[in-house]
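Read through the structure below, which is laid out as structure tokens, and then see the notes.
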Amino acid sequence: TAKTIPIAGKYEDRALLKKAFDDIDTALAEGDLLCIFPEGRLTRNGKMATFRDGVERIIQRRPVPVIPMALQGLWGSAFSRHPSNIFMRLLKGFKSRVGLVVGEVIDAEEVTAKLLQEKVQSLHDRKI
Numbered sequence: 061t062a063k064t065i066p067i068a069g070k071y072e073d074r075a076l077l078k079k080a081f082d083d084i085d086t087a088l089a090e091g092d093l094l095c096i097f098p099e100g101r102l103t104r105n106g107k108m109a110t111f112r113d114g115v116e117r118i119i120q121r122r123p124v125p126v127i128p129m130a131l132q133g134l135w136g137s138a139f140s141r142h143p144s145n146i147f148m149r150l151l152k153g154f155k156s157r158v159g160l161v162v163g164e165v166i167d168a169e170e171v172t173a174k175l176l177q178e179k180v181q182s183l184h185d186r187k188i
């Protein structure tokens, strides 16, 4: 089953942030697959924001391989923050073509936020 781990920035709720990293570590220790969005927020302009260091903190605590993935086709859909008319976004959301591009596994020792962002951007830019 799909589970979520609530997270907040350190200036929003330090206790929730600590609990999130503890829950992430537990999930990985139990062999669960974890999907994170390293930008920490939805894009406001359709471009990827700088990846934050959370992935590095996770890997330092629990060294596991990372599989980079990129979602395509979400910008302008009902699931984005595109400034277009909400009705048009909802309409497009029902007929948007969304893709998921999966990259090669990165060993834990090699993972940095910068490297991961480069890999994900490359995947995002691919035509599918």
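To convert a position in the sequence shown, counted from 1, into the working numbering, add 60.
C-beta: ideal position from N, C-alpha, C; glycine also.
* Cβ-Cβ distance between Glu-99 and Phe-111 below 8 Å -> The sequence position of residue 99 within the sequence shown is 39, counting from 1. The sequence position of residue 111 within the sequence shown is 51, counting from 1. Contact: yes.
* Asked: Excluding five sequence neighbours on each side, which residues of the same chain lie with their C-beta closer than 8 Å to the C-beta of Val-165?
  -> Position 105 of the sequence shown, counted from the start, is the residue given in the question as residue 165. Around Val-165: Pro-125, Val-126, Ile-127.
* Asked: Secondary structure at Leu-134, three-state DSSP: helix, strand or coil?
  -> Counting from 1 along the sequence shown, the entry for residue 134 is found at position 74. DSSP places Leu-134 in coil when its eight states are reduced to three.
* **Range covered by the alpha helix (DSSP H) that runs through Leu-76** => The count along the sequence shown starts at 1 and reaches residue 76 at position 16. Its alpha helix (DSSP H) spans residues 74-89.
* Grab the span of the alpha helix (DSSP H) containing Val-161 for me, first residue to last. => Here the question's residue 161 lines up with position 101 in the sequence shown. That residue, Val-161, is in no alpha helix (DSSP H); its beta strand (DSSP E) goes 159-162.
* Check each candidate in Leu-93, Glu-169, Ala-168, Gly-163 and name the one with the smallest Cα separation from Gln-181. => In the sequence shown, the residue the question calls residue 181 occupies position 121. The residue with the shortest Cα to Cα distance from Gln-181 is Gly-163.
* Does the Cβ-Cβ distance between Leu-176 and Val-115 come in under 8 Å? -> Looking up residue 176 in the sequence shown gives position 116. Looking up residue 115 in the sequence shown gives position 55. Between Leu-176 and Val-115, the gap from beta carbon to beta carbon is short of 8 Å.
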